[in-house]
Amino acid sequence: MTARQIVAISAGLGQPSSTRLLADRLSAATVAELGDLGVAAEVTTVELRDVAHAITDAMLTGFASGDLAEVIEKVTGADALVLVTPLFTTTYSGLFKSFVDILDKDSLQGVPVLLGATGGTSRHSLAVEYSMRPLFTYLHADVATTSVFAATDDWAAEGDSTHDAGPLPARIRRAAKELATTVAAREPRTATGMFDGVPSFAQMFGK
Numbered sequence: 001m002t003a004r005q006i007v008a009i010s011a012g013l014g015q016p017s018s019t020r021l022l023a024d025r026l027s028a029a030t031v032a033e034l035g036d037l038g039v040a041a042e043v044t045t046v047e048l049r050d051v052a053h054a055i056t057d058a059m060l061t062g063f064a065s066g067d068l069a070e071v072i073e074k075v076t077g078a079d080a081l082v083l084v085t086p087l088f089t090t091t092y093s094g095l096f097k098s099f100v101d102i103l104d105k106d107s108l109q110g111v112p113v114l115l116g117a118t119g120g121t122s123r124h125s126l127a128v129e130y131s132m133r134p135l136f137t138y139l140h141a142d143v144a145t146t147s148v149f150a151a152t153d154d155w156a157a158e159g160d161s162t163h164d165a166g167p168l169p170a171r172i173r174r175a176a177k178e179l180a181t182t183v184a185a186r187e188p189r190t191a192t193g194m195f196d197g198v199p200s201f202a203q204m205f206g207k
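Residues in the sequence shown are numbered from 1 upward in steps of one, following the numbering used here.
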């Protein structure tokens with residue numbers, strides 16, 4: 001059976017970052033839930049900070065190349081996406097939005113998506129619902145009902161021996177189960193290359 005391809009996108013600016021940590025937790029939980037359903041899965045994690053300059057170039061030129069082109073191909077061919085961003089001024093980061101902006105507007109149509117965000121305090125938690133969710137609803141992605149926000153205090157609880165039963169781990173498991181159930185119910189997607197469908201020179205000149 002073909003392993004499902006999960007792509008996790010982290011828009012964290014630091015290294016290490018709590019945004020990457022949340023992306024890792026969400027993707028690992030999704031793989032575990034898929035395993036319980038008898039479905040194998042592989043995860044590719046992308047740090048947007050590593051292609052930040054290329055994203056800016058693509059916005060200016062309208063063309064993605066090199067590592068960024070490979071990232072876009074993985075994202076648009078994935079069976080599911082885990083998308084995590086830090087929140088600034090109660091919304092997603094500029095780097096995260098810039099990456100979404102260079103994707104073809106139809107490339108995420110119907111793709112199962114799990115949304116996550118990190119921030120300083122829990123009072124920003126609703127930003128996932130009023131900023132991130134509308135964005136991906138507009139792009140016609142299949143967004144999981146449960147999103148996951150992690151505040152600084154949530155990570156502080158990691159040292160507690162009972163943290164696995166806490167609010168954040170429980171929400172991660174619930175969101176991952178929703179995403180896994182959606183992915184397992186579908187056939188694996190076929191990755192579409194950036195130039196698929198573009199005629200060759202021989203075809204254009206009738207040779």
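For glycine and all other residues, C-beta sits at the position ideal for the given N, C-alpha and C.
Using the rule of at least 16 other Cβ atoms within 10 Å of the residue's Cβ for burial, across every protein chain shown, is residue 177 buried or exposed?
buried
With burial defined as no fewer than 16 other Cβ atoms inside 10 Å of the residue's Cβ, what is the status of residue 99: buried or exposed?
buried
Using only CA atoms, which one of 122, 35, 185 and 46 lies nearest to residue 81?
46
Throw me the rounded Cβ distance for the residue 180 and residue 22 pair, which I believe falls under 8 Å.
Contact doesn't hold; Cβ gap of about 17 Å is too wide.
Find out if the Cβ-Cβ distance for the pair residue 183, residue 34 is shorter than 8 Å.
yes
On the DSSP bridge list, what partners appear for residue 149?
117
Euclidean distance between Cα positions of residue 203 and residue 39:
Note on residue 203: pLDDT 39, under 50, position unreliable in the model; the coordinate value appears next. Rounded to the nearest angstrom, the two C-alpha atoms are 40 Å apart.
Anyone know if the C-beta pair for residue 58 and residue 102 falls short of 8 Å?
yes
Reduced DSSP secondary structure (H/G/I, E/B, other) of residue 183:
helix
Nearest candidate by alpha-carbon position, reference residue 121, set 168, 27, 110 and 153
153
Sheet register partners of residue 4 (DSSP bridge):
41
For residue 125, which residues in the same chain have their Cβ closer than 6 Å to its Cβ, ignoring the five residues on either side in sequence?
149
Whole angstroms are fine: how far does the CA of residue 168 sit from the CA of residue 144?
16 Å
What did DSSP end up calling residue 61 once you bin it into helix, strand or coil?
helix
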